[in-house]
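So the structure is just underneath, and the comments pick up after that.
Chains as they are written, first to last, in our numbering: chain A, 199 to 453; chain B, 58 to 490.
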């Protein structure tokens with residue numbers, strides 16, 4: 199029985215008191231590729247952000263290898279959505295990848311030779327070594343995504359969260375990302391991936407988290423990624439949940 | 058009596074000409090502003106400078122009331138307080154009261170400024186707290202201010218801020234960089250983007266306050282943004298951008314002083330104008346985004362297209378195998394634009410792609426091989442359009458004519474594979490190797 203890499207206990211996340219994720223509860227073993235699947239607005243990104251402490255929890259807790267996020271920061275790598283940053287920012291590809299090493303360095307310390315070597319190695323791993331000195335503005339969408347992945351690699355984490363890495367990338371990048379995921383798994387890393395394309399879930403992932411404001415199912419793809427569960431996930435929201443959320447937002451019982 | 062506009066005092070102990078003191082103070086202010094301004098611009102918070110420069114007023118008044126003087130320390134404490142308070146209020150309004158962020162900024166800063174005005178009228182009645190002076194500053198009077206360590210007070214204050222800003226930038230360079238680029242990542246790896254935001258706002262408030270006395274609020278607001286925005290147009294490395302914006306600040310001070318003396322007008326205002334002019338020049342001539350450079354690039358591209366069209370045309374004539382060759386005149390007519398065509402032909406002669414024989418134009422071997430690649434691109438593309446987009450035959454020439462100039466060796470190979478080595482274009486002409 200392998201270790202539990204990531205665990206969420208009865209977590210509820212709310213924006214302005216209106217819950218967007220209800221009582222999420224699951225745990226994931228180490229060394230799995232995990233797809234997070236659900237319709238738009240299901241709370242997939244919110245799940246990741248809550249796990250990383252970027253949005254406050256209304257209740258419940260998140261554990262990474264048995265401890266809180268604050269204690270285990272160094273074990274976690276994060277790839278936000280590509281659109282969340284300004285690609286006009288005056289930095290080179292290598293600068294961006296170097297940012298992956300900042301967490302380990304802590305406050306005040308500057309990255310040095312060792313960190314630059316790590317950055318170059320990670321760029322090589324995603325096939326972007328020749329772009330190291332380019333300004334990030336000049337990259338295509340797929341290249342931007344690879345740079346973000348290289349940055350995550352530079353974090354040298356155990357547990358990775360990737361927010362839609364396959365969004366709007368070319369076929370070559372998609373293949374490169376899948377290869378990278380396999381490399382990560384073979385070195386015992388756990389990777390959670392927000393994923394949109396249900397066609398490829400079986401092919402890419404070992405585990406799947408089906409989400410639609412609540413956890414529909416979580417488990418190995420063979421047993422969990424069933425038609426029945428998919429129907430529950432995509433068959434519209436639960437009206438009662440929506441009504442309850444609205445009532446909580448307005449802070450009065452529904453009449 | 059203490060005033061924001063300094064009264065006349067003996068000259069400072071370090072002997073420099075009046076003009077030098079003014080330029081030095083202006084330059085120091087601009088550098089202090091540019092250092093933090095770069096991060097404002099990159100975080101798309103340019104208007105925060107404007108807003109904070111108004112909001113600090115009540116902080117200054119309160120600091121003055123508590124300390125009874127306009128000494129540097131209480132002024133800075135007031136600025137820090139206001140910087141923190143305004144940031145907190147704006148964020149809280151935005152987050153909890155669900156006010157849109159621009160509106161919450163507008164509400165907080167205007168209200169604080171109004172509060173400041175009220176406080177001045179109510180409690181600082183006896184003091185000469187000149188509002189016009191806050192706008193325009195009093196750079197002209199800097200050389201006559203009380204000296205501190207031999208430097209005029211405003212210059213000394215500003216230099217302190219330059220050092221503080223520089224120290225923060227050097228110490229927290231990577232933290233500022235990552236939190237400005239990717240707030241999410243920054244927070245998850247332990248450098249709270251919110252904390253960095255507060256820090257930056259405090260620096261902006263302190264810089265604003267220190268610069269007020271000498272240069273007034275207009276110059277402060279401009280200098281926070283304009284040199285940084287100019288530098289952003291001109292370079293694509295953060296360190297370079299910060300350095301360049303500081304240099305642009307110094308240049309604006311020198312040029313502005315010189316122009317103000319020449320036209321005998323307000324110095325701070327002229328320095329701002331100088332910064333604006335430099336920005337305008339950058340917009341026109343920046344190598345990457347400049348209007349001028351874009352025009353040149355477009356012209357170069359159309360010249361390339363025209364030359365390639367000439368080559369392809371000669372190739373096609375050759376391909377027909379007739380005895381007839383084009384004269385230079387006919388070629389120019391065929392591609393339209395005669396002057397540009399003359400220019401294009403000249404370049405083709407010069408690079409040895411065509412030669413003149415008995416009044417006709419002929420491809421050299423070098424020219425023929427360039428032309429062959431071009432025609433190959435054209436026909437591959439036509440074939441691709443018919444096969445994969447299902448376009449009718451009479452619709453493929455024009456698009457291929459446009460696209461052929463942008464298809465490189467790599468794409469030709471890909472097309473070749475995609476078309477499974479088809480040797481003829483849809484019109485039945487051979488696709489040259």
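Cβ coordinates follow ideal geometry from the N, Cα and C atoms, glycine included.
Among the residues of its own chain, which have a CB less than 6 Å from the CB of residue 111 of chain B, if the five just before and after it don't count?
-> Excluding sequence positions up to five before and after residue 111 of chain B, its CB lies within less than 6 Å of the CB of 166 and 170, all in the same chain and listed in chain order.
Among the residues of its own chain, which have a CB less than 6 Å from the CB of residue 117 of chain B, if the five just before and after it don't count?
-> Short of 6 Å from the beta carbon of residue 117 of chain B, and not among the five residues preceding or following it, lie these beta carbons of its own chain, in chain order: 135.
DSSP beta-bridge partners of residue 487 of chain B | In DSSP, residue 487 of chain B forms a bridge with B:481.
Are the C-beta atoms of residue 347 of chain B and some chain A residue less than 8 Å apart?
-> No - not a single Cβ of chain A is within 8 Å of the one on residue 347 of chain B.
Outcome for residue 449 of chain B when other beta-carbon atoms lying within 10 angstroms are tallied against a minimum of 16 | Exposed, because fewer than 16 other Cβ atoms sit within 10 Å of the Cβ of residue 449 of chain B.
Listed from N- to C-terminal order along the chain, which residues in the region 272-294 of chain B have their beta-carbon within a distance smaller than 9 Å of any beta-carbon of chain E?
-> Structure shown: chain E not included; protein chains present are A and B.
Taking the Cβ atom as the reference point for each residue, do residue 356 of chain A and residue 250 of chain A lie within a distance shorter than 8 Å?
-> Not in contact: residue 356 of chain A and residue 250 of chain A (Cβ atoms no closer than 8 Å).
Any idea if residue 381 of chain A is buried or exposed, counting beta-carbon neighbours within 10 angstroms, 16 or more meaning buried?
-> Exposed: under 16 other Cβ atoms inside 10 Å.
Residue from B:289, B:88, B:470 and B:146 with nearest C-alpha to residue 101 of chain B | Looking at the Cα atoms, B:289 is the closest of the given residues.
Leaving out five residues on either side along the sequence, give the residues of the same chain with a beta carbon under 6 Å from the beta carbon of residue 150 of chain A.
-> The question about residue 150 of chain A has no answer, for chain A in this structure spans 199 to 453.
Residues, ordered as in the chain, of the region 205-236 of chain A that lie near chain B by beta-carbon distance below 9 Å = Answer in chain order: 214.
Cβ distance (whole Å) where residue 82 of chain B is taken to contact residue 209 of chain B below 8 Å | Residue 82 of chain B to residue 209 of chain B, Cβ: 7 Å. Contact.
Report the residues of the region 231-243 of chain B with a CB closer than 9 Å to any CB of chain A, ordered along the chain.
-> Cβ proximity to chain A below 9 Å picks out 231, 232, 234, 235, 237, 238, 239, 240, 241, 242 and 243 from the region 231-243 of chain B.
Would you mind stating whether residue 244 of chain A and residue 211 of chain A have Cβ atoms separated by less than 8 Å?
-> Contact: yes.
Can you give me, in chain order, the residues of the region 288-318 of chain A that have a beta carbon less than 9 Å from any beta carbon in chain B?
-> For the region 288-318 of chain A, the residues whose beta carbon sits under 9 Å from a beta carbon of chain B are, in order, 288, 289, 290, 293, 294, 296, 297, 298, 300, 301, 302, 303, 304, 305, 306, 307, 308 and 309.
Between residue 302 of chain B and residue 316 of chain B, what straight-line distance do the alpha-carbon atoms span, to the nearest angstrom?
-> Annotation: residue 302 of chain B to residue 316 of chain B spans about 20 Å, alpha carbon to alpha carbon.
Take residue 389 of chain B and list the residues in its own chain whose beta-carbon comes closer than 6 Å to its own, dropping the five residues that flank it on each side.
-> Excluding positions up to five away in sequence, the list reads 395 and 398.
Candidates B:212, B:238, B:78 and B:177, of which the one nearest residue 282 of chain A by Cα | The candidate whose alpha carbon is nearest that of residue 282 of chain A is B:238.
How about residue 220 of chain A and residue 439 of chain A: are their beta carbons less than 8 Å apart?
-> In terms of Cβ geometry, residue 220 of chain A and residue 439 of chain A form a close pair [threshold 8 Å].
Contact between the region 332-345 of chain A and the region 246-262 of chain A: three or more CB pairs below 8 Å?
-> Flag = no, the region 332-345 of chain A and the region 246-262 of chain A do not touch.
Proximity winner among B:216, B:465, B:152 and B:446, relative to residue 483 of chain B (alpha-carbon distances) | The residue with the shortest Cα to Cα distance from residue 483 of chain B is B:446.
Excluding five sequence neighbours on each side, which residues of the same chain lie with their C-beta closer than 6 Å to the C-beta of residue 222 of chain A?
-> Here the set comprises 206, 209 and 413.
Nearest to residue 278 of chain A (by Cα), restricted to the options A:373, A:403, A:399 and A:348 | The candidate whose alpha carbon is nearest that of residue 278 of chain A is A:348.
Residue 336 of chain B and residue 283 of chain B closer than 8 Å at C-beta | Residue 336 of chain B is a Cβ neighbour of residue 283 of chain B, given a cutoff of 8 Å.
Between residue 489 of chain B and the rest of its own chain, which residues show a CB-CB distance below 7 Å, the 5 nearest in sequence each way excluded?
-> For residue 489 of chain B, where only same-chain residues beyond five positions count, the Cβ hits under 7 Å are 429, 432 and 433.
Hey, is residue 354 of chain B's beta-carbon within less than 8 Å of any beta-carbon in chain A?
-> By this cut-off, residue 354 of chain B is not an interface position.
List the whole-angstrom C-beta distance separating residue 363 of chain B from residue 401 of chain B, where the pair is believed to meet the contact cut-off of C-beta under 8 Å.
-> In this structure, residue 363 of chain B and residue 401 of chain B form a Cβ contact; the two beta carbons are roughly 5 Å apart against a cut-off of 8 Å.
Whether residue 236 of chain A touches residue 408 of chain A by CB criterion (8 Å) = Yes, the pair counts as a contact, with Cβ atoms nearer than the cut-off.
Among the residues of its own chain, which have a CB less than 8 Å from the CB of residue 277 of chain B, if the five just before and after it don't count?
-> Only 86, 90, 106, 110, 264, 265, 268 and 269 meet the Cβ criterion.
Own chain residues within Cβ distance below 7 Å of residue 316 of chain A, not counting five before or after | Only 299 and 352 meet the Cβ criterion.
Taking residue 422 of chain B as the reference, which of B:469, B:444, B:371 and B:437 has the closest Cα?
-> Checked all of B:469, B:444, B:371 and B:437; the closest Cα to residue 422 of chain B is B:371.
Hey, is residue 400 of chain A's beta-carbon within less than 8 Å of any beta-carbon in chain B?
-> No, residue 400 of chain A lies away from the interface with chain B (no Cβ there is under 8 Å from its Cβ).
Residues in the region 238-267 of chain A with C-beta within 9 Å of chain B's C-beta atoms, listed in sequence order?
-> Listed in sequence order: 247, 250, 251, 252 and 267.
Limits of the unbroken alpha helix (DSSP H) element including residue 441 of chain B | The continuous alpha helix (DSSP H) containing residue 441 of chain B extends over residues 422-441.
Start-end ranges of the alpha helix (DSSP H) lying completely within the region 129-174 of chain B, minimum 4 residues | Here the runs fully enclosed are 129-153.
Between the Cα of residue 230 of chain B and the Cα atoms of B:216, B:248 and B:241, which residue gives the shortest distance?
-> If we check each option's Cα against that of residue 230 of chain B, B:248 comes out closest.
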